[in-house]
Amino acid sequence: MTLEELIAAAVSLTVLYAKKIAAGLADRAAKGTEQAAAEHLGRLRAWMVTRLHGHGAESAVEQLGVSPVARGLVRQQLAEALHADPRAAGELEALVVPARAAVLNGGFLSPAAQLPVPRQLPPVPGDFTGRDRERHLLEAELSSPSGSRVCLIHGPGGIGKTVTALQVAHRLAAVFPDGQLFADLRGADPVPAAPDEVLSTFLRSLGVSPEAIPDTPEGLTGLFRSELAARRVLLLLDNAADEEQVRPLLPGTGQCATLITSRTPLAVLAVTQRTLLAALTEQEAWDLLGRICGTERIAAEADAGREVIRLCGGLPLALRVAGARLAAFPTRPVSRLTHDLTDERGRLDVMSFGDATVRSVFQTSYQACSAQQQQAFRLLSALETPSLPAWALAPLLGVDSATAAACLDRLLLIHLVEAHQPEAGSERIVLHDLARLFSRELSTQRPQAEADAAVQRLLGAYLAAADTADAALRPAGRRHTGRNGATRYPPPSGALPDTATDAIRWFDVERGVLLAAVKHAHAAGWWDLCWEITDAMSVSLEHQWRWQESRQAHLLALDAAGRLADGGARAALLRNMGEALRDGGTDLQGAESCFTEAIGLFRDLGDDYGLSDALGNLAILRRQQDRLRESADGLATAEDIFRSLPLERGLAWTLREQAVIGRHRGEYASALGKLDRAAALFTANDEPRGVAWVLRTRADTEAESITRGCPLPRRWYDGPWPGQLPARPTDDPLWAQARAHYADAELIMEEVGDHRARTWAFLGRAEMALHDGDRRTATGLVQQARLRSESHSDHRALSRALTVRALLRAEEKNLDEAISLAESAVSIHRHLLPDQVGEAVAALRLARLYGAAQRHRNLLTTLERAHTLYQATEMPFPQAPADVLLEALAQPIPKPPRHRFRLF
Numbered sequence: 007m008t009l010e011e012l013i014a015a016a017v018s019l020t021v022l023y024a025k026k027i028a029a030g031l032a033d034r035a036a037k038g039t040e041q042a043a044a045e046h047l048g049r050l051r052a053w054m055v056t057r058l059h060g061h062g063a064e065s066a067v068e069q070l071g072v073s074p075v076a077r078g079l080v081r082q083q084l085a086e087a088l089h090a091d092p093r094a095a096g097e098l099e100a101l102v103v104p105a106r107a108a109v110l111n112g113g114f115l116s117p118a119a120q121l122p123v124p125r126q127l128p129p130v131p132g133d134f135t136g137r138d139r140e141r142h143l144l145e146a147e148l149s150s151p152s153g154s155r156v157c158l159i160h161g162p163g164g165i166g167k168t169v170t171a172l173q174v175a176h177r178l179a180a181v182f183p184d185g186q187l188f189a190d191l192r193g194a195d196p197v198p199a200a201p202d203e204v205l206s207t208f209l210r211s212l213g214v215s216p217e218a219i220p221d222t223p224e225g226l227t228g229l230f231r232s233e234l235a236a237r238r239v240l241l242l243l244d245n246a247a248d249e250e251q252v253r254p255l256l257p258g259t260g261q262c263a264t265l266i267t268s269r270t271p272l273a274v275l276a277v278t279q280r281t282l283l284a285a286l287t288e289q290e291a292w293d294l295l296g297r298i299c300g301t302e303r304i305a306a307e308a309d310a311g312r313e314v315i316r317l318c319g320g321l322p323l324a325l326r327v328a329g330a331r332l333a334a335f336p337t338r339p340v341s342r343l344t345h346d347l348t349d350e351r352g353r354l355d356v357m358s359f360g361d362a363t364v365r366s367v368f369q370t371s372y373q374a375c376s377a378q379q380q381q382a383f384r385l386l387s388a389l390e391t392p393s394l395p396a397w398a399l400a401p402l403l404g405v406d407s408a409t410a411a412a413c414l415d416r417l418l419l420i421h422l423v424e425a426h427q428p429e430a431g432s433e434r435i436v437l438h439d440l441a442r443l444f445s446r447e448l449s450t451q452r453p454q455a456e457a458d459a460a461v462q463r464l465l466g467a468y469l470a471a472a473d474t475a476d477a478a479l480r481p482a483g484r485r486h487t488g489r490n491g492a493t494r495y496p497p498p499s500g501a502l503p504d505t506a507t508d509a510i511r512w513f514d515v516e517r518g519v520l521l522a523a524v525k526h527a528h529a530a531g532w533w534d535l536c537w538e539i540t541d542a543m544s545v546s547l548e549h550q551w552r553w554q555e556s557r558q559a560h561l562l563a564l565d566a567a568g569r570l571a572d573g574g575a576r577a578a579l580l581r582n583m584g585e586a587l588r589d590g591g592t593d594l595q596g597a598e599s600c601f602t603e604a605i606g607l608f609r610d611l612g613d614d615y616g617l618s619d620a621l622g623n624l625a626i627l628r629r630q631q632d633r634l635r636e637s638a639d640g641l642a643t644a645e646d647i648f649r650s651l652p653l654e655r656g657l658a659w660t661l662r663e664q665a666v667i668g669r670h671r672g673e674y675a676s677a678l679g680k681l682d683r684a685a686a687l688f689t690a691n692d693e694p695r696g697v698a699w700v701l702r703t704r705a706d707t708e709a710e711s712i713t714r715g716c717p718l719p720r721r722w723y724d725g726p727w728p729g730q731l732p733a734r735p736t737d738d739p740l741w742a743q744a745r746a747h748y749a750d751a752e753l754i755m756e757e758v759g760d761h762r763a764r765t766w767a768f769l770g771r772a773e774m775a776l777h778d779g780d781r782r783t784a785t786g787l788v789q790q791a792r793l794r795s796e797s798h799s800d801h802r803a804l805s806r807a808l809t810v811r812a813l814l815r816a817e818e819k820n821l822d823e824a825i826s827l828a829e830s831a832v833s834i835h836r837h838l839l840p841d842q843v844g845e846a847v848a849a850l851r852l853a854r855l856y857g858a859a860q861r862h863r864n865l866l867t868t869l870e871r872a873h874t875l876y877q878a879t880e881m882p883f884p885q886a887p888a889d890v891l892l893e894a895l896a897q898p899i900p901k902p903p904r905h906r907f908r909l910f
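So the number in our numbering is just where the residue sits in the sequence shown, counting from 1, plus 6.
And the structure:
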C-alpha cells in the first residue's frame, strides 16, 4: 500500500468514526456484535489524534465527516507525520488493514458506503494509435506536483481529441486516487451543457445529497471546490464550448488537475498547457487503418491503402469511417474504396463524419427495432431538451408504464439511446447528439400528427405533475380559480412528488423540460398548455430566483392567454409577471401595472382568491416603494377577503407583511403580536416556508426593538435617538432570542430550498454581529450575502450588505474604501431600485463615514437626505438640533472592540 493509499484509507475510516458510524458499532459491540470493528476504529482514531501535531488536531479529526477543510488538514498533517517518522507508516498500516477488514467483513458497512470515489472515465478505444509526443507532454504536466494544472487539447472536429484525452486520463488514474470525473459539455450542440447542470451531477457523484446542492451558480461552484479541496481528482471536460462554460467547473485546489477538450483554443482561459492536435502522420494513419480493418488486408494492397490515407488527410474520424467501410465489406478490394474517395463530389458522403456515416450506423439499429420501438426513437427528439425522465416514454407512446419500460430496455440494449441516472431512482433518457439528428430526420418522414399527438400527451403529463408539485409549494393556497382548460395526461405515480422537498427537487430537475414545453406549446398553438404550464411552474421559478426565465415564459404565456381571450388566464399570469418584475428588481413600474390590471380582472371575474392574492402582492410592492399607508390599506383589504374565504395561509402572509410595516414604524410590540398569529396559522397549515419567514421577520423585529432601529452600533453613534440605545445589546435576553430565531429560520429555509430568504437571514445575523463587535463573524456572513445578492440581482440585499461591509472596513482603517462601498449602496437605491427605507439606512451610515473622514459638507447634505427619508418612511429618527447630530456623527472612527467569542 503506497503512502497516498494508506493516508486515503486512514482518513476514510476515521470519517466513519466522525460521522457517528463508529458509535453505531459501539452500540452493537455492547450487545456482543461488531466488537472487532468498534475496537479497531477506536484505536485508529486514538492513534490519529496522538500522531497529528499542531493546534486543533483533535477538533480536525472530529470534523472529518462534515468539513472538506478538515479532511485536507488531516491529510496534510498525516503526510508530514509519516514522512517525519518512517516507523509511523508501519504503525498506521497495522491499524488500517485490520480496521478496514473488520468493518467490511462484519457486514456492517459495504465498500460502497465509504467516501465516494467516482470512476467516470469512458473506456479508451482498443484501436487508439499515435499521439505519443502529445500524450507524454500532457501526462508530465498533469502529474506535476506543483500548482493547479489545467491542460487543454484543441483542434478540429474528428481530430481525435476525446480519445487522446481518455488515453491520458486512464494512464494517470493511479496518480489521482480520489477519482476521475468526466463530463461531455456538448460544445458543438446548439444548446451546450449548462455549467450548473454539470456541477450538480459532479456533486452527486462526490457524495453530496441532492437536497444539499445549491441553486445558484456561485453556490454550486463554491461547494464543488470545497468538496475537491481535500481530494486528488482528475477532471476530464470534453467538448467544451467556451471559456464561460468551463470556468465554473475548474477546481480551486492544487491537488486536482483538469484536462479539457475543445474545438477552440479557449484563448483567454488560464491554462498551464495547450496542445493542438494535428493530423496523424502517415505511419500513424496506416497503423490506425490496419487495426480497424486488418493489417494484412491493407498490406496486400499497399498503394491503395496509402492513397486512402492521403485522401483522408490524416483525420482520425475519416480514417475510422474508411476503416469501418472496409471492415463492413471484407470481400471488397481496398482499391474500390480508393476509387470512391477519389471522386471529390462524393468523397464527403463516403467518409463523412456527419449525417451520412452516422445515418448508416443508426439505420442498422433502427431497422432491427419493432414498430413501437421505432416510434419511440422517433418521438424522443420531438421536444428540444437534452434529456427526459424514463417515465416520459409512456405518455409519448400513449401506452402503460410496463410497455414503455420494455420498449426503453430494447433501445438501451442496442445503444440507440443512453440512460443517465443523476440521482437514485431517477433514470433519464439521453440521445447522443448525432442520434438525435437521425431521429429528427426520421420524424420528418412521418405525418406531423404523430409527433403532435405524442408531445401533447407528454406536455399534459408534465402539466399534471407540475400541478401536484405546485400544490406542495404554493405559500398561500389557491391563488386563483382558473387553470383547468388544458387536457391532463396522468403520469405514472412514481413521477409525482410527495412532499414539498420532493417538489423543490422535481422542479429543479425538470425546469429545463418545462421551459422547453412552454416554448413548444406556444410554437404549436396549444394555448391552454402554454399558459397553464407557465402558471404551474411560476412559484418554483420564484423560489429559485429565476427571474429572467420566468419573464420569458410569461411573455409567451400572456400571448397565449390573449389568443384565447381568457381574462382569468391573463389575470393569473399578470400576477406572476408582476412578482417576477418586482422581486427581480428590474421594473417596479411594470410590476405595478401588472398587479393593478390583475386586480381589475380578478374583481370583474368575481375571483376572490386571485383578488386577495394580487392585492397582497401589490401591497408588498407599495411597501417596497415606501408608500406605507397605501400598503397598509391594501393589506387590510386583502386580510378581510382572506378571512371571508377563509384562506388561512394567505391570511398568515398578510399578517407577516403587516408586521414588517409595523417594524419600520417602530411599533415593535404590535408587530410581534401579528407574527405570533401568523406563525400559528402557518404551523396549523403545515407551511414550513411561511414559518421560516416569520422566524426571520421576528428576529429582525426583536433585534431592532433593542437597537431602537438605529443602524449604527453604539460605539459608532452616542448621540440622541428615540428611546434608550443599549450600551451592550447582548445584555438584553431578547438579543439571544433573535439570534436563535435567525438560526431556526435558516435551517428551515435550507430544507425548503428558499435561498433568497436565507440571504436576508445572513444579513440579519451580520447586523447583530456588527453591533456585538464580532467583526470576523460579520465579515463572513456579509460576504456570503453579498455573493448571493449579486448573483441574483437582489439590489436591496446588496445595498444592505455593502453598508455593513463599509462599517467593517472603516474599523479596519480602510475609510476611503468604506465610503466608496456606502456610496455604492446609496446609488443602488437612487438609480436602480427606488427604496426609501433602504436608502435611509444607507444614507445615515454614509453620513457617519463622511463625519469620520471630516468631510463636513458631504456629512451635512447626506444627513439632510437621511432625515428626509426617515420622515417619509415614518421610521424613528432623533428630534434634535442639527448641530447636535452633526457633532455626534463627526467623531473619529471608533476603536474596534475586543470581542469575546461565544462558547457553544
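Backbone N, C-alpha and C define an ideal beta-carbon position, used for all residues, glycine too.
* **Whether residue 243 touches residue 189 by CB criterion (8 Å)** => yes
Exercise for the section: Within the stretch 492-580, note down every full alpha helix (DSSP H) run reaching 4 residues or more, in order along the chain. Expected result: 506-530, 533-542, 544-549, 553-570
- Query: Using CA coordinates, which residue listed in 810, 739, 753, 732 is at the minimum distance from residue 769?
  - Reply: 810
Using a 10 Å radius around the Cβ and a threshold of 16 neighbouring Cβ atoms, would you call residue 737 buried or exposed? That one is exposed.
Return the residue from the list 171, 196, 201, 507 that minimises the CA-CA distance to residue 216.
507
Worksheet item: What's the gap between the Cα of residue 887 and the Cα of residue 853?
Response: 16 Å
>> For residue 864, report the span of its alpha helix (DSSP H) as first-last.
In response: Here the alpha helix (DSSP H) through residue 864 covers 862-878.
_With H, G and I counted as helix, E and B as strand and the rest as coil, what does DSSP make of residue 623?_
Of the three classes helix, strand and coil, the one that applies to residue 623 here is helix, per DSSP.
query = According to DSSP, what are the bridge partners of residue 426?
reply = 434
- request: Could you tell me whether any Cβ in chain C is nearer than 8 Å to the Cβ of residue 612?
  value: Annotation note: the requested chain C is absent from the structure, which comprises a single protein chain.
Report all residues from its chain with a CB closer than 7 Å to the CB of residue 103; omit the five preceding and five following residues, and keep chain order. Nothing listed; no residue qualifies.
Residue 819 classed as buried or exposed, judged by whether at least 16 other C-beta atoms fall within 10 angstroms
exposed
One question on the structure: do residue 394 and residue 434 come within less than 8 Å of each other, judged by their Cβ atoms? For residue 394 and residue 434, yes; Cβs fall inside 8 Å.
Open item on the list: Going by C-alpha to C-alpha distance, which of 379, 127, 687, 314 sits closest to residue 419?
Closed with: 379
Q: Label residue 717 either buried or exposed according to how many other C-beta atoms from any shown protein chain fall within 10 Å of its C-beta, with 16 as the threshold for buried.
A: buried
- [ ] Identify whether residue 37 lies in helix, strand or coil by the three-state DSSP scheme.
- [x] Residue placement at residue 37 cannot be trusted, given a pLDDT of 47 that sits under 50; what the coordinates show is reported in the next sentence. Residue state, collapsed to three classes: coil.
Residue 335 burial status per 10 Å Cβ neighbour count (16 or more: buried):
exposed
### Message
Check this for me: beta carbons of residue 765 and residue 795, under 8 Å apart or not?
### Response
yes
Best match in 648, 503, 445, 510 for proximity to residue 755 [C-alpha to C-alpha]:
Of the listed residues, the one whose Cα sits closest to residue 755 is 510.
Worksheet entry | Cβ-based burial, residue 38 [other Cβ within 10 Å; buried from 16] | Unreliable placement is indicated for residue 38, whose pLDDT of 47 sits below 50; the coordinate value is still reported in the next sentence. Answer is exposed; the Cβ neighbour count stays below 16.
Exercise. Check whether the Cβ of residue 150 sits closer than 7 Å to any heavy atom of the ligand ADP, and report yes or no.
Key: Within the structure as shown, the ligand ADP is missing, as the structure has no ligands at all.
Exercise. From what residue to what residue does the alpha helix (DSSP H) around residue 473 run?
Worked result: 454-479
> Using DSSP with H/G/I as helix, E/B as strand and the rest coil, what is residue 420?
Replying inline: coil
On the criterion of 16 or more Cβ atoms from any shown chain inside 10 Å, does residue 842 qualify as buried, or is it exposed? buried
**Asked** Buried or exposed: where does residue 548 fall if 16 or more other Cβ atoms within 10 Å of its Cβ makes it buried?
**Response** buried
- Message: Using a Cβ distance threshold of 8 Å, determine whether the stretch 610-624 contacts the stretch 573-589, with at least three qualifying pairs required.
- Response: yes
Discussion item. Measuring only the C-alpha atoms, how far is residue 724 from residue 816?
Written reply: 17 Å
| task | Flag this pair as yes or no: are the beta carbons of residue 187 and residue 126 separated by less than 8 Å? | result | yes
(message) Please return the same chain residues whose Cβ sits closer than 6 Å to the Cβ of residue 199, not counting the five positions on each side in sequence.
(response) 191, 192
Give me the DSSP bridge partner(s) of residue 394.
435
Inset, instruction - Look at the alpha carbon of residue 34 and the alpha carbon of residue 69, and state the distance between them as a whole number of angstroms. - result: Its pLDDT being 48, under 50, residue 34 is placed unreliably by the model, and the measurement read from it follows with that caveat. Approximately 23 Å, taken between the alpha carbons.
Bridge partners - residue 160, DSSP secondary structure assignment = 268, 282
**Prompt:** Around the C-beta of residue 56, are 16 or more other C-beta atoms found within 10 angstroms, so that it is buried, or is it exposed?
**Reply:** exposed
Per DSSP, the bridge partner or partners of residue 244 = 190, per the DSSP bridge assignment.
Original post:
With which residues is residue 263 paired in a DSSP beta bridge?
Top reply: 155, 240
**OP:** Run the CB neighbour count on residue 118, radius 10 Å, all protein chains shown included, and call it buried at 16 or more, exposed below.
**Re:** Annotation note: pLDDT 40 at residue 118 (below 50); position unreliable, no value reported.
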